[in-house]
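Engineer: Going by our numbering, the sequence shown opens with residue 314, and the numbers climb by one from there.
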Amino acid sequence: MTKQEAKKLIADAIQSGRKSLMEPEAKEILKAWEIPVPQHFVAKDKSLAIGAANNIGYPVVLKVISSDILHKTEAGGVWVGLKNEQDIDDAFNEMIFAISEHNTTASIEGFLIEKMVGKGVEVIIGGIRDAQFGPAVMFGIGGINVELLKDVSFRLAPVAREECLDMIREIKTYPLLAGYRGGEPCDIDAIADIIIKVGSIMNEIDGIKEMEINPLIVYPDGAVAVDARVVLDKGR
Numbered sequence: 314m315t316k317q318e319a320k321k322l323i324a325d326a327i328q329s330g331r332k333s334l335m336e337p338e339a340k341e342i343l344k345a346w347e348i349p350v351p352q353h354f355v356a357k358d359k360s361l362a363i364g365a366a367n368n369i370g371y372p373v374v375l376k377v378i379s380s381d382i383l384h385k386t387e388a389g390g391v392w393v394g395l396k397n398e399q400d401i402d403d404a405f406n407e408m409i410f411a412i413s414e415h416n417t418t419a420s421i422e423g424f425l426i427e428k429m430v431g432k433g434v435e436v437i438i439g440g441i442r443d444a445q446f447g448p449a450v451m452f453g454i455g456g457i458n459v460e461l462l463k464d465v466s467f468r469l470a471p472v473a474r475e476e477c478l479d480m481i482r483e484i485k486t487y488p489l490l491a492g493y494r495g496g497e498p499c500d501i502d503a504i505a506d507i508i509i510k511v512g513s514i515m516n517e518i519d520g521i522k523e524m525e526i527n528p529l530i531v532y533p534d535g536a537v538a539v540d541a542r543v544v545l546d547k548g549r
C-alpha cells in the first residue's frame, strides 16, 4: 500500500461512518510509512487460517478481526504461541466461545494469522490530535505496563530526530532500553525512526484522531510493531 492509498483508506473509512480501523488496516498504514510489522495473513475461516499458518511458519499468533471489539485480549480474541494445526484448531474454537461470552452481538470479519516474533523490550509509540495544539506524538514503556506505570513523554508533531532521542531518554524506565544490569542495549535509533514516522502520519493524515503501536518490540538491532490501533476523526 502506498501513502496515497493509505490516505484513501482513511477517507473511505470515515465516509462510511466507521470509528476506527481494524488491525490489518492499521498495519497497512504502518507499512506505507515503512514501519516494520510481523508477517501476517487475513483468513476468513479456520481452514484458511491453518493454511496461512503453514505458509508463514510456526509459531504463530491468532487474533480476531472485529470492528465491535477494540480490546481483543480482554475479549479472548488473541492466542499466542500456536505451534501446529491442532493448536490453531483448539484456539479457534475456544476463541469463538470466549468472544460470544464477552459480546453476544459482536460481528467477526475474519482472523489475523501472524508470525510470532521473539522477545524484546516492549515500548509504546502513539499519536494524538489535540484540538488546540494539533498533532502530537507519545513514547513510553509499553505492553501491559503502560497503564500501570504511565511513564510516557510527548512532543508536538512533526518531530526532529534529536527531539525523539530526548523523548526516549527522559522516561524513568530508560535504563531498560540502555542495557539494564548488563543486558544488551536496545536499538534507540530504530525507536527514533518510528517516532518520526508516526509523527509524519499524524501530520499528513487529518482523519486520524489517535493511533497507537503497543507493543513495539525493540531488539538490539531493529524493532517490530506487534499491535496497532487507529481511531478516526469523523470531523475531518
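The beta carbon of each residue, even a glycine, is placed where N, CA and C say it ideally should be.
Just so we're clear, the structure is a prediction, and the values are computed from it rather than from any experiment.
If the criterion is Cβ atoms closer than 7 Å, does the pair G390 and I382 meet it?
Structural biologist: By 1-based counting over the sequence shown, the position of residue 390 is 77. By 1-based counting over the sequence shown, the position of residue 382 is 69. It is a contact, given that the beta carbons lie within the stated cut-off.
Engineer: Go to G453, then tell me how far its beta strand (DSSP E) extends in each direction, as first and last residue.
Structural biologist: As a first step, residue 453 is located in the sequence shown; it is residue number 140 there, counting from the start. Unbroken beta strand (DSSP E) run through G453: 447–454.
Engineer: Out of P349, E523, N527, point me to the one whose CA is closest to P448's CA.
Structural biologist: Taking the sequence shown and counting its residues from 1, the one referred to as residue 448 is at position 135. Closest by alpha carbon: E523.
Engineer: Closest by CA to I401, which one among I363, V531, V511?
Structural biologist: Position 88 of the sequence shown, counted from the first residue, corresponds to residue 401. Closest option to I401, Cα to Cα, is I363.
Engineer: Report the option in K428, A339, A538 whose CA atom is closest to the CA atom of P372.
Structural biologist: Looking up residue 372 in the sequence shown gives position 59. It is K428.
Engineer: Measuring alpha carbon to alpha carbon, tell me which residue in V465, V350, G512, G330 is nearest E336.
Structural biologist: Against the sequence shown, residue 336 aligns to sequence position 23. If we check each option's Cα against that of E336, V350 comes out closest.
Engineer: Below 8 Å on the Cβ atoms is my guess for K344 versus M314; work out the distance and round it to an integer in Å.
Structural biologist: Residue mapping note: residue 344 aligns to position 31 of the sequence shown, counting from 1. Residue mapping note: residue 314 aligns to position 1 of the sequence shown, counting from 1. About 6 Å separates the two Cβ atoms, so the contact holds.
Engineer: What did DSSP end up calling M524 once you bin it into helix, strand or coil?
Structural biologist: One-based indexing of the sequence shown puts residue 524 at position 211. Note: M524 maps to strand in three-state DSSP.
Engineer: Among N368, I412, S420, S379, which residue has its Cα nearest to the Cα of K396?
Structural biologist: As a position in the sequence shown, residue 396 is number 83, starting the count at 1. The shortest Cα separation from K396 among N368, I412, S420, S379 belongs to N368.
Engineer: Tell me the rounded alpha-carbon separation between A503 and F467.
Structural biologist: Taking the sequence shown and counting its residues from 1, the one referred to as residue 503 is at position 190. Taking the sequence shown and counting its residues from 1, the one referred to as residue 467 is at position 154. If you take the alpha carbons of A503 and F467, they lie about 18 Å apart.
Engineer: Residues in the same chain with beta-carbon distance under 6 Å from I507, minus the five sequence neighbours each way, listed in chain order, please.
Structural biologist: As a first step, residue 507 must be located in the sequence shown, where it is residue number 194. Closer than 6 Å at the Cβ level, and outside the excluded window around I507, lie I348, I438.
Engineer: Could you tell me which whole beta strand (DSSP E) segments of length 3 or greater appear in the region 398–433?
Structural biologist: Runs of the beta strand (DSSP E) inside the region 398–433: 423–428.
Engineer: Is it true that the region 532–541 meets the region 494–501, where meeting means three or more beta-carbon pairs spaced less than 8 Å apart?
Structural biologist: Cβ pair count under 8 Å is three or more, so yes.
Engineer: What whole-angstrom Cβ distance do V465 and V511 have, given they're in contact under 8 Å?
Structural biologist: Reading the sequence shown from its first residue, position 152 is the one you call residue 465. Reading the sequence shown from its first residue, position 198 is the one you call residue 511. At roughly 13 Å, the Cβ-Cβ gap does not stay under 8 Å, so V465 and V511 are not in contact.
Engineer: Decide if N406 is buried, meaning its Cβ has at least 16 other Cβ atoms within 10 Å, or exposed.
Structural biologist: On the sequence shown, residue 406 is found 93 positions in, with the first residue counted as 1. By the neighbour-count rule (16 or more Cβ atoms within 10 Å), N406 is not buried but exposed.
Engineer: Which residue's Cα is closest to the Cα of S379: L545, D540, F424?
Structural biologist: Position 66 of the sequence shown, counting from 1, holds the residue named residue 379. S379 has its Cα closest to that of F424, out of L545, D540, F424.
Engineer: Mark G492 as exposed unless 16 or more other C-beta atoms lie within 10 angstroms of its C-beta, in which case mark it buried.
Structural biologist: To locate residue 492, count along the sequence shown from 1; it is residue 179. The residue in question, G492, is exposed, as its Cβ has fewer than 16 Cβ neighbours within 10 Å.
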